[in-house]
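These protein sequence lines map, in sequence, to chains A and B.
When we follow the UniProt record's numbering, the leftmost residue of the first sequence carries the number 1, and every step to the right adds one.
When we follow the UniProt record's numbering, the leftmost residue of the second sequence carries the number 1, and every step to the right adds one.
Note that CB positions come from ideal geometry on N, CA and C, so glycine has one too.
Note that the structure is predicted; figures quoted are calculated from it, not measured.
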Amino acid sequence: MLIPAFKLDMKSPILPGLAVVGKYDGLSPCLTCATTAGRVFIHSPHERDQFTNAEMQHLNINRKITAIAAGVIDARSTKDALLVGAQTTLFAYDIRNNADIFYKDVPDGVNAMKVGMINAHDQPLAIVGGNCSIQGFDHEGAEQFWTVTGDNVACLEFCDVDSDGRMEMLVGSEDFEIRIFQDEEVVSEVTETAAVVGLAALRGTRYGYALANGTIGVYDRNQRVWRVKSKHTVSAIAGFDLDGDGEPELISGWTQGRLEVRSDRTGEVIYKDNLNQAVAAIVKADYRKDGNQQVIVCGADGEVRAYLPADAELNGNLMDANVELDTLHTLTERRAELQAELKSVQDNMKAAASGQDEAGLIPTSTKVSTSLSVSRHDRCVYLKVQSSTPDARVRAVCIFADQIFEGESHVAHDAGAAQAISVQLAPAKDVSALLAVNALVGGRGSSAYHVFELSARLPKFAMYARAAPEDGPEAASFVKLKVGERMPQVKKWVQGAFAPDVVPDDAGPGFSGLHVVSLRTGRRLGVLFENGVVTVQTDEMELAGDVVQDLCAALQLSELESDADFPSEMAAFQEVLARVDELNAVRLRMTADMADSSNLIKQLVLRAEDARMLGEIAMMRKAYTQLHALNQELIGEYRKRTNNHDQLLEALKEVNHMIQKAARLRAGQAKGRIVASCRNAIKSNNIHALFKIIQSGKE
Amino acid sequence: MDLSLTRIDLLSVDTTKRHCLRVLPLGKKSAAKQMQKVVIGDQSGTVHCFGMKKGDVSSVFKGSMERAVSRIELGGTADERDKIFVAGGQTIKAWSRKGREFLKFNTNLSEDITAMHVLNDDIWTGGEFMYNHFRACKDLHSLLVNDRINDLTAVFRSTTSPEPSAVLGCQDRAVRVLDGSEITYEGAVDGPVLTLCPFSFAGAPAASALSRFNLLEPAPPAPVQQRGAGKAAAAELLYGTENGIFGQLLLDENQMRRGWEVGGRSVAALAASSRPGHARRGGVSALCSHDLTHDGVPDVIVGRDDGSIQVYSFDVSSEPKPCFESSLTGSVTACEAGLVNSANFDEIVVSTYSGQILSFSSEPSTQIDLTGDDGRGAAEDDDGEGEAAKAAGGLMGMLNRSRRAHETPAVATAAAAALSQAEKKGALQKRVKAVKKEIEALQARLEAERGKYASSVSSEMIAVQSDLKVRHTFALSEGEACYRLNIEISKPLEFVLLQSDVPMEVLDTVRAEAGETVEQAKVDDDSSAIVSRTKVGHSNLLLATYRVTDNATRLTIRLRTIEGRYGNLNAYIVPKGKPKTAQAATYQIRPLSLHRRLPALPESAAARPMSELRLTGTFSLAELHSWVCLALPEVPERVTADEMVFNFTSTFLGTLLLCSYRKGDATFRSDNLTTLTTLKEVVGREATQRKVQVKTSYDVNNDSITYMLKLIDPLLAYQNALSHRVKLIETLREVEQQEGTTDFLDPAYIEVLKHAPTIRAEFAQMPRQLDYLVGIVIDLYADKYKFKGVNVQQRLPQLDRLLRIDYSFEALAQFFAEV
């Protein structure tokens, strides 16, 4: 039985995800966690405070802490710096000397942070994931790296996913995506079923992930190895070899206090434990300085448990179980299952042989088919589930699929039980999904049903119907891509990406494209091909990006340049940029005003106190009344400032998002180049150049 | 939790009903290393008696019944109860321990036998409502009971009793004690009685030194009896209920007394019941007593329909304390204790609904050895001493037994150590290999059969018949004021689809229960079904799937109904496997679904202001009874008297409903006006359908409205205070951290800090809870003015606002007074 190597009580709450172990003198590990009231505590058991001899030190940040990291960011030093991220600021501290290293305004926010090396830079950087952006700062706080991503970054990890000997950066964000960055460029991405909340490198090309809907799993080179969904909420994951077999397992901590260790290969639970409080974070360190790494689990109320890898003699058996007995138990269960199944088949066979066909559920020749159709009127896609015989009626259809439903399933039920049920599907996003359809088919009024298991594929752009004249003119904006000789492949892609009744049957040489209209927005989309050029006509740059990326994936294009013209989006973008300027100006002015007011406050306090000393009560009262008024004013100002701040953040996010959208109109190097050039243009405030880059992809 | 037991799988059979497994007593010639045999009956009608040899099942005999086995009891003389009596349908068969069938008795009863007890020539049986007593297969006594008989046993109530009395455990929460064909007395417990068993050293575990000690006869005072009863003359029984309570009953000549009780409604539970997140344990489906802890006092072994097995022991107090807990995938249908796998370590033998027979052995897991011949020497020594104990009998034996218990493990461990670990492992691994091979063969055969099926019957693998056996219960869970739908099948579940034409709320299994103790959460943790809801349309007010992620055969779903709305709930149960079939089950949602029967009126009833609804007309008693059945749960189907009287209480608010009716005249009284109007609507609708004239008259007591508002007030105030309390948490945490102590804080604040996670969880639930409460108040308001013939529709939005935003009791009372 694996038992914790040590337990500690920090006597302070630990905020979820905000714990790290740093060696601030280069030698002794110190558990550092964000706690309530904007403070950070540092537990240094090896080196006590020289004045108070206390193990615990507190740092007052006085801001809402959003991320925490520790690591060597100055390549000349061996000491870890402590990095603390608040909503829009980043602090770097030298704990040993109790000094600031740098302080940086990060308007995009600090949602996730990690210290690591980006390949193109030969120095360690503090990588900060914010709203749609990722930044890297060196030890002086200078920005050395910048790129954009699709949504707010929730977690960062380094892992050599493609085993090329270089570490890739993995970024999990709120738009369900795990993007893998090679420097500024996204080399691949995987779409999951919910917001990504945790990533953990395992061995080699394997990494674990955790989602907001309680799913955890493991990927190997972008292929999912396994996943498990739970109704609980996962709060932290880490990779650590706990059973001593040389392969790190996926360790997960849950809000109900459970700690689970699952095999990275099979997902099988090999150890579990329960804390009496929510798990807040999981970190790794040689905390006792005896040369053995431990995995340290931090509870939300300050309980800390550390586990050492199991001894070899436990033979990977951490749960104090008689392995053979357990195996025997599972096998016996499996045997019983098989026996039951065999019996059921044989019984069915017997029943069939005895000729009581009419006593059966439904005619044994029944077939059930599915078909997809787009309905303009109901603004949805219908999946029709049809039985082939009138005696077999479809009572209910239950579809399991990722991403397209609010939950994981969608049910259609017909108490009347007709021969067919049409299931309304209206995915909110353009995603391709595999539908696992369970159709419950039975006789009229029967209480037993046969379950047909069918699968159907929902095309990525299923929510588009063929355009009609009343849909108005074609979209004025477009993006043009040169695909050259690959026209037949493009046509094949179109057939797979849109609903079958949208694409004409004879996609022969005469087929030059299609005009469709979105069932969600009623806006038009055109995909036209001519002379080796594909034109995507739409007013929505995001949609154009989706189409381009899907096309690239289908054609396996690693490099693609394009020309884009999105006048309406660019006009809106110009407004956003103007708003950013305006909000920035307001912010500066308000900061100045606040400084004035705080000076005034100091004066009033002095005056009031003087009056009190002199016994001039009337005067004192007057001063305090003024003070009160000023205070109210300040609070009002503060509200305005937060409001301004929120708007600014939103606008900045839009700017980052625009760059991301522009990048997605290209593939390969062109994609990476855009991000870098746009950043430069924004930094130099060259709006004209920025627009040109977005349009042509070149400076 | 100081008892450590290891699970061993023995056998799997067809699905089993409750009380269909017994452990036979040890044979007469007390040879060394003797072990006990087990007899099990399943729903295919097979009776299988087997022992365990070297970890393998060795059959003693197999018999068969024409119908599904519904009960197995051991009979014989009081000294030697080793005859196996099996009931199936209306037939009883009996086998000797060697497998000789010596009795086949067709009772010619009109109902299937579900409960039975046997002693000497006497057989007591219970059908659904019929109680019968046969002597030498001749009908001696019989009785028609008011509500369903769930279990039956017979005990001697005192030393002077010439004959044992039958004791019936009934659905209507009553335990009835009979002499002949008459009910001598009856007593109420806090839930429908599912199981009864004698609390003693007897029962099946004859393995102990006390095996010959007959406890059906008045027992010499055992320590527990002294403590629990004070009176030695009373017979002691254990009972277990559908809502998870078990406890002790003491029966003497004239009355039944209740002793200790576990899982009942304590004061704290009552307080918590109106709040969300208060979960209940599963119904007690199996009970037995055996001294597993070897402390001289028998422990109580509890099996529940949620698959959990617990052992409760008595330490210093007279209240039992849990000392072992484990959970299985299927609900427990029987549990017994004995020596089955080893002659040295006693174990609990358990059967589950899906037909798994397994045991929990007290042998340390690392030493379990299925070679079956370890510790032989130790066993011999041991039994020698055991013999002496038997001779001494009674209390002496018990003392010996407990002393022996201290020695046994040590001796056995020493002996076991002699056998090399590796050798044992080898034996086990061999077994694993054998089973693996078996599985491979089975798989191949299954593939072949499937292929044959596909080619000869149906290429789509369409099933010709559905062989799915579903055990399901749909019962009100009082503490939570919601329904628990339990579904269990004989194979692993894939998913369950729920559909309903009545609006109801699917209570999330986990997130709602953050306020539970860790232990409770752990139990619920084991069900890992993932809920997913579909947006609802006009005819489907609930559509949801529960996907089962592990190999569970059982699923519990919690649903909260809204009183006044009625209709059907459909569940489609889909198991794993091919051919794949689904089974539908329909449950009726009654208009007053959250009410439960009260065995007796509380003392405060008289003081409550009651409104009255009176119905008169040409209806018959049976007609009115059927309408009441439609509207309320827990009403027996049959009419048993000229005037029917029932009392109900609302599990959510605690309001009462008193019904009394006879031919042509019915009176319903309640302190909740809405309850009465709901009832009237149902009766009105049914009466119109049948063209029966019913005249209704009301006597509205205005005090009852204020009374209701006062009842709801704390709930509303609590919900309204929640948002305030949530805001306080962060601030208080900060204060706590800065100051390092909270002693100086107001107790209310300390309370907030202490229960922060609960408060947060409840806050997350608040919108739904508040909706529910607001619904009740609005209904009450509308009902109040309905009687006055005033339409208040336009004022309802205002009331809604008042309740949600600026609630105060005074304002609400004021609002109710105005039109």
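Cα-Cα separation between residue i and residue j, rounded to whole angstroms
i: Gly617 (chain B); j: Lys680 (chain B); result: 14 Å
i: His19 (chain B); j: Gln583 (chain B); result: 26 Å
i: Arg157 (chain B); j: Leu238 (chain B); result: 14 Å
i: Gly127 (chain B); j: Asp112 (chain B); result: 5 Å
i: Leu250 (chain B); j: Asp122 (chain B); result: 23 Å
i: Ala86 (chain A); j: Asp646 (chain A); result: 14 Å
i: Lys433 (chain B); j: Asn111 (chain A); result: 52 Å
i: Val527 (chain A); j: Ser558 (chain A); result: 21 Å
i: Gly41 (chain B); j: Leu446 (chain B); result: 27 Å
i: residue 701 (chain A); j: Lys578 (chain B); result: Residue 701 (chain A) is absent from the model: chain A starts at 1 and stops at 699.
i: Ala232 (chain B); j: Arg258 (chain B); result: In this prediction, Ala232 (chain B) has a pLDDT of 44, which is less than 50 and means its spatial position is unreliable; nothing more can be read from the coordinates.
i: Ser369 (chain A); j: Pro198 (chain B); result: 59 Å
i: Ser568 (chain A); j: Val187 (chain A); result: 30 Å
Contact check, residue i vs residue j, beta carbons under 8 Å
i: Phe324 (chain B); j: Thr6 (chain B); result: no
i: Ile118 (chain A); j: Gly141 (chain A); result: no
i: Gly244 (chain B); j: Gly296 (chain B); result: no
i: Val261 (chain A); j: Leu242 (chain A); result: yes
i: Asp539 (chain A); j: Ser696 (chain A); result: no
i: Leu194 (chain B); j: Glu242 (chain B); result: yes
i: Ile487 (chain B); j: His450 (chain A); result: no
i: Phe648 (chain B); j: Arg597 (chain B); result: yes
i: Phe691 (chain A); j: Met541 (chain A); result: no
Distance between beta carbons of residue j and residue i, contact taken as under 8 Å
i: Lys480 (chain A); j: Phe511 (chain A); result: Contact doesn't hold; Cβ gap of about 19 Å is too wide.
i: Lys37 (chain B); j: Val47 (chain B); result: Actually they are not in contact, since the Cβ atoms of Lys37 (chain B) and Val47 (chain B) sit about 12 Å apart, beyond 8 Å.
i: Leu178 (chain B); j: Ala188 (chain B); result: The pair is not a contact, with the Cβ atoms about 16 Å apart (cut-off 8 Å).
i: Ala87 (chain B); j: Met116 (chain B); result: 5 Å
i: Tyr698 (chain B); j: Leu613 (chain B); result: 6 Å
i: Leu308 (chain A); j: Gln294 (chain A); result: 5 Å
i: Val197 (chain A); j: Val234 (chain A); result: 7 Å
i: Cys33 (chain A); j: Ala19 (chain A); result: 4 Å
i: Ala280 (chain A); j: Ile68 (chain A); result: Not confirmed; about 12 Å, so no contact.
Beta bridge counterpart(s) of residue i as assigned by DSSP
i: Phe61 (chain B); result: B:Cys49
i: Leu29 (chain A); result: Before going on, a small fix: residue 29 (chain A) reads as Pro here, not Leu. Its beta-bridge partners are A:Lys23.
i: Thr191 (chain A); result: A:Glu177
i: Leu440 (chain A); result: A:Ala396, A:Val451
i: Tyr307 (chain A); result: A:Val295
i: Ser158 (chain B); result: Ser158 (chain B) is not bridged to any residue.
i: Met130 (chain B); result: B:Leu144
i: Tyr185 (chain B); result: B:Val177
Where residue i falls: helix, strand or coil (DSSP)
i: Ser344 (chain A); result: helix
i: Asp14 (chain B); result: coil
i: Glu654 (chain A); result: helix
i: Leu728 (chain B); result: helix
i: Gln489 (chain A); result: helix
i: Val502 (chain A); result: coil
Minimum Cβ-Cβ distance from residue i to chain E less than 8 Å
i: Glu453 (chain A); result: Note that chain E does not occur in the displayed structure, where the protein chains are A and B.
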